[in-house]
Amino acid sequence: MPLVLPLLAGVFAANTVLVNAQIPLYKSFIGKQFTDGFFFYTDRDPANGVVNYVSQSTAESDGLVSWTDSTFKMAADSTKDSESGKGRNSVRLVSREEFGDGVYIFDVNHMPVGCGTWPAAWTTTTKDWPYAGEIDVIEGANANSNTSISNLVSLGLLSPDSRLASASGSSLPGNTTYSGQNAISLHTAPNCPLADRTADSMTGTPGNGDCSGTSEGNIGCGVTIPGKSFGGEFNQNGGGIYAMYRDLRNTSSVQAWFWPRDVTPPAEVLNSTATSVNPSTWGTPTASFKFKYGGCGGQFHRHVIVLNIDFCGDYAEATYTSSGCPGSCEAFVKYNPRAFTEAFFEFRSVRVYGSSWAPATLARPTLSIAFGLLAFFSFLLLS
C-alpha cells in the first residue's frame with residue numbers, strides 16, 4: 005500500500021496546470037513600508053556568518069537603512085572594523101506576516117557585491133525547517149563588479165595581476181565567476197525529488213533534482229539563471245525583477261521568472277501599484293520546480309519573507325578562495341570596511357499577490373487521473 009500512494013500522488017502532480025486567472029494584490033512594500041512590514045532580526049546568524057545583525061535604531065542611526073517614496077535601501081557597514089568577537093554590522097529583515105501560495109515579486113535596483121558577501125531574498129518556514137520548506141529567490145556569494153575589484157586594488161588588498169583583478173575589464177563579460185549568476189532553489193523534507201523536467205520547461209539551467217534540506221551540504225534543488233541575473237552585471241544593468249509563483253497546494257509546483265532591466269516585463273509586473281497579476285500569461289518560466297509526488301508540496305507551511313546581507317558563513321566561506329578573493333574570509337570581512345561600499349540592496353518594491361488565494365475553479369483532474377483512481381480502488385477491492 006505505501007508504494008501505491010506515492011504513485012497516485014505523482015499522477016496528480018503531473019496532470020494539473022496553472023490556472024489562467026487574475027490573482028489579487030495582498031500586500032505591497034515600497035519605501036518606508038519596509039520598516040513597517042518587516043522586523044530587524046538581531047539574533048545569532050543561523051548560517052554561521054561573520055555578521056552582526058543590528059536593530060532598527062542602530063541601522064537608522066548608522067545609515068544602514070534609508071528610503072524615499074519609491075525606494076528602500078539596506079546596507080552593511082562600510083566605515084569601521086568589526087567589534088571584538090563580532091562580525092560586520094549588517095541588516096536582516098523578516099516580514100511580520102507569514103504568506104502562503106501566491107505570487108511574490110522582488111523589484112531590485114542594486115544587490116550587494118564584494119568578496120565575502122552572501123546576499124539573499126527568500127521565503128522560509130519559522131518552524132520545522134526544512135520539512136515545512138524554503139524557497140530562495142535571490143542568492144549568491146562572493147560576486148564582484150569592476151568597481152568593487154578596482155576598489156580592492158586601490159586599497160592594496162588585491163594585486164593588479166591577480167586572477168580576479170586581471171579578469172575584469174572596461175565592461176563585464178557575460179556569466180563571469182566574479183559577476184556571478186543567481187541560483188533559485190528549494191529546500192524540503194527528505195524524499196521530495198522533482199519530477200523529470202524537459203528542456204523546454206524553463207530557460208534556466210537545472211541542477212540537482214533532490215530538494216532535501218537534510219542531504220549533505222544542504223544544496224537543495226536549484227536552477228542557475230543565465231544573463232545579467234546577479235552581482236556586477238545585474239547592477240551595471242540597473243537591476244531587474246524576479247517573480248516567484250508558489251502554487252504548491254494546487255499544482256505542487258513553484259515557477260519563477262527573471263526580467264533584467266533592459267528587457268520589458270509584463271506591464272502588471274513592472275507597475276508597482278498593479279492590483280492583480282496573471283502568471284499564466286508570462287511565457288516560459290526562467291526556473292520551474294514540480295514535485296514528483298503531490299504530497300511534498302502539501303508539507304510547505306506559510307512562510308516569512310527574509311531579506312539579508314550575510315558574510316562568509318556556510319556558503320560564502322566555502323567558495324571564497326575559489327572566487328579569487330584575498331586572504332581568509334573572516335579576516336577580510338572584519339578588518340576591511342572600505343571594501344564594502346557596494347554591499348547594499350536597493351529595492352523598488354516587494355509585493356505579494358494572493359497569499360493562499362485559490363481561484364473559483366481549480367484545474368480539474370484529467371482523464372488519466374480518473375483511470376488512475378479506478379485502478380487504485382480496483383486494487384483495494386482485489387487485495
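Heads up: take any position in the sequence shown, counting from 1, add 4, and you land on this note's numbering.
Just so you know, even glycine gets a beta-carbon here, dropped at the ideal spot from N, CA and C.
This structure is a prediction, so every number in the text was calculated from the model and none was measured.
Requested in this report: Return helix, strand or coil for residue 267, following the three-state DSSP convention.
Outcome: Indexing the sequence shown from 1 puts residue 267 at position 263. The answer is coil: DSSP assigns residue 267 none of H, G, I, E or B.
Report task. List the endpoints of the continuous beta strand (DSSP E) containing residue 128. Result -> If you number the sequence shown from 1, residue 128 lands on position 124. Residue 128 -> beta strand (DSSP E) spans 121-128.
Query raised in the report: Can you name the start and end residues of the alpha helix (DSSP H) that residue 298 belongs to?
Result: In the sequence shown, counting from the first residue as 1, residue 298 sits at position 294. Where residue 298 is concerned, the enclosing alpha helix (DSSP H) stretches over 298-302.
Query raised in the report: Assuming residue 69 and residue 94 make a contact with CB atoms under 8 Å, what is their CB distance in whole Å?
Result: In the sequence shown, residue 69 corresponds to position 65, counting from 1. In the sequence shown, residue 94 corresponds to position 90, counting from 1. Contact doesn't hold; Cβ gap of about 11 Å is too wide.
Requested in this report: Reducing DSSP to helix, strand and coil, say where residue 28 ends up.
Outcome: Along the sequence shown, one-based indexing puts residue 28 at 24. It is a strand residue.
Requested in this report: Following the continuous alpha helix (DSSP H) through residue 249, name the residue where it begins and the one where it ends.
Outcome: Your numbering for residue 249 matches position 245 in the sequence shown. No alpha helix (DSSP H) contains residue 249, which is instead part of the beta strand (DSSP E) from 244-251.
Query raised in the report: Can you round the beta-carbon distance between residue 332 and residue 182 to whole angstroms, since I take them to be within the 8 Å contact cut?
Result: The residue labelled residue 332 in the question sits at position 328 within the sequence shown. The residue labelled residue 182 in the question sits at position 178 within the sequence shown. Not a contact, Cβ separation roughly 19 Å.
Query raised in the report: DSSP three-state call for residue 175: helix, strand or coil?
Result: As a first step, residue 175 is located in the sequence shown; it is residue number 171 there, counting from the start. Note that residue 175 scores a pLDDT of 45, beneath 50, so its modelled location is shaky; the value from the coordinates is reported in the next line. Residue state, collapsed to three classes: coil.
Query raised in the report: Can we say the segment 256-265 touches the segment 279-291, given the rule of at least three CB pairs closer than 8 Å?
Result: yes
Report task. Assign residue 87 to buried or exposed, taking buried as 16 or more other Cβ atoms, counted over all protein chains shown, within 10 Å of its Cβ. Result -> Taking the sequence shown and counting its residues from 1, one reaches residue 87 at position 83. Under this definition residue 87 is an exposed residue.
Query raised in the report: Where residue 2 and residue 137 are concerned, what is the direct C-alpha to C-alpha distance, given to the nearest angstrom?
Result: Nothing about residue 2 can be read from this structure; the chain reaches only from 5 to 387.
Report task. Apply the 10 Å Cβ neighbour rule to residue 81 and answer buried if 16 or more other Cβ atoms are within range, or exposed otherwise. Result -> On the sequence shown, position 77 is the one that residue 81 refers to. By the neighbour-count rule (16 or more Cβ atoms within 10 Å), residue 81 is buried.
Report task. Could you work out which residue in 102, 52, 53 and 59 is closest to residue 44 when comparing CA atoms only? Result -> Position 40 of the sequence shown, counted from the start, is the residue given in the question as residue 44. The shortest C-alpha separation from residue 44 is found at 59.
Query raised in the report: residue 41 lies in the alpha helix (DSSP H); which residues open and close that run?
Result: The count along the sequence shown starts at 1 and reaches residue 41 at position 37. Per DSSP, residue 41 belongs to the alpha helix (DSSP H) from 37-41.
Requested in this report: Have a look at the DSSP bridge pairing and note the partners of residue 407.
Outcome: As displayed, the chain neither begins before 5 nor continues past 387, which places residue 407 out of reach and without an answer.
Requested in this report: Answer with buried or exposed for residue 356, where buried requires no fewer than 16 other C-beta atoms within 10 angstroms of its C-beta.
Outcome: As a working mapping, residue 356 is identified with position 352 in the sequence shown. By the neighbour-count rule (16 or more Cβ atoms within 10 Å), residue 356 is buried.
Report task. Check the DSSP bridge columns for residue 78 and list the partner residues they point to. Result -> As a first step, residue 78 must be located in the sequence shown, where it is residue number 74. DSSP output for residue 78 lists 69 and 349 as bridge partner(s).
Report task. Mind checking who residue 294 pairs with in its DSSP beta bridge? Result -> Here residue 294 refers to the residue found at position 290 when the sequence shown is read from its first residue. DSSP, once it has assigned bridges, lists 257 as partnering residue 294.
Query raised in the report: residue 23 to residue 66, Cα distance in whole Å?
Result: As a working note, residue 23 is residue 19 in the sequence shown. As a working note, residue 66 is residue 62 in the sequence shown. Those two C-alpha atoms are separated by around 46 Å.
Query raised in the report: From 47, 300 and 75, pick the residue whose C-alpha is nearest to that of residue 198; which is it?
Result: Looking up residue 198 in the sequence shown gives position 194. That would be 300, whose Cα lies nearest to the Cα of residue 198.
Query raised in the report: If you pair each beta-carbon of the segment 114-130 with each one of the segment 144-157, do three or more pairs fall below 8 Å?
Result: yes
Report task. Could you tell me if residue 275 is buried or exposed, where buried requires 16 or more neighbouring beta carbons within 10 angstroms of its beta carbon? Result -> Walking along the sequence shown from the start, residue 275 turns up at place 271. Per the 10 Å Cβ criterion, exposed.
Query raised in the report: Could you give the residue range of the alpha helix (DSSP H) that holds residue 108?
Result: Stepping through the sequence shown from its first residue, residue 108 is reached at position 104. Taken as a continuous stretch (DSSP letters only), residue 108 belongs to no alpha helix (DSSP H), being part of the beta strand (DSSP E) at 106-114.
**Report entry** Straight-line gap, residue 282 to residue 246 (C-alpha atoms, nearest Å)
**Finding:** Numbered from 1 along the sequence shown, position 278 holds the residue referred to as residue 282. Numbered from 1 along the sequence shown, position 242 holds the residue referred to as residue 246. Approximately 15 Å between the Cα atoms of the pair.
**Report entry** Top-ranked residue by Cα proximity to residue 160, from 348, 343, 71 and 53
**Finding:** On the sequence shown, residue 160 is found 156 positions in, with the first residue counted as 1. Considering only alpha carbons, the answer is 343.
Query raised in the report: At a cut of 8 Å, does the segment 310-320 reach the segment 96-113 through at least three beta carbon pairs?
Result: yes
Report task. Identify whether residue 64 lies in helix, strand or coil by the three-state DSSP scheme. Result -> By one-based count along the sequence shown, residue 64 stands at place 60. Looking at residue 64 - three-state DSSP - the assignment turns out to be helix.
Query - For residue 339, the first and last residue of its enclosing alpha helix (DSSP H) - result: On the sequence shown, residue 339 is found 335 positions in, with the first residue counted as 1. Counting along the chain, the alpha helix (DSSP H) containing residue 339 begins and ends at 333-339.
Query - First through last residue of the beta strand (DSSP E) which encompasses residue 189 - result: Residue 189 sits at position 185 when you count from the first residue of the sequence shown. Note, residue 189: beta strand (DSSP E), 187-191.
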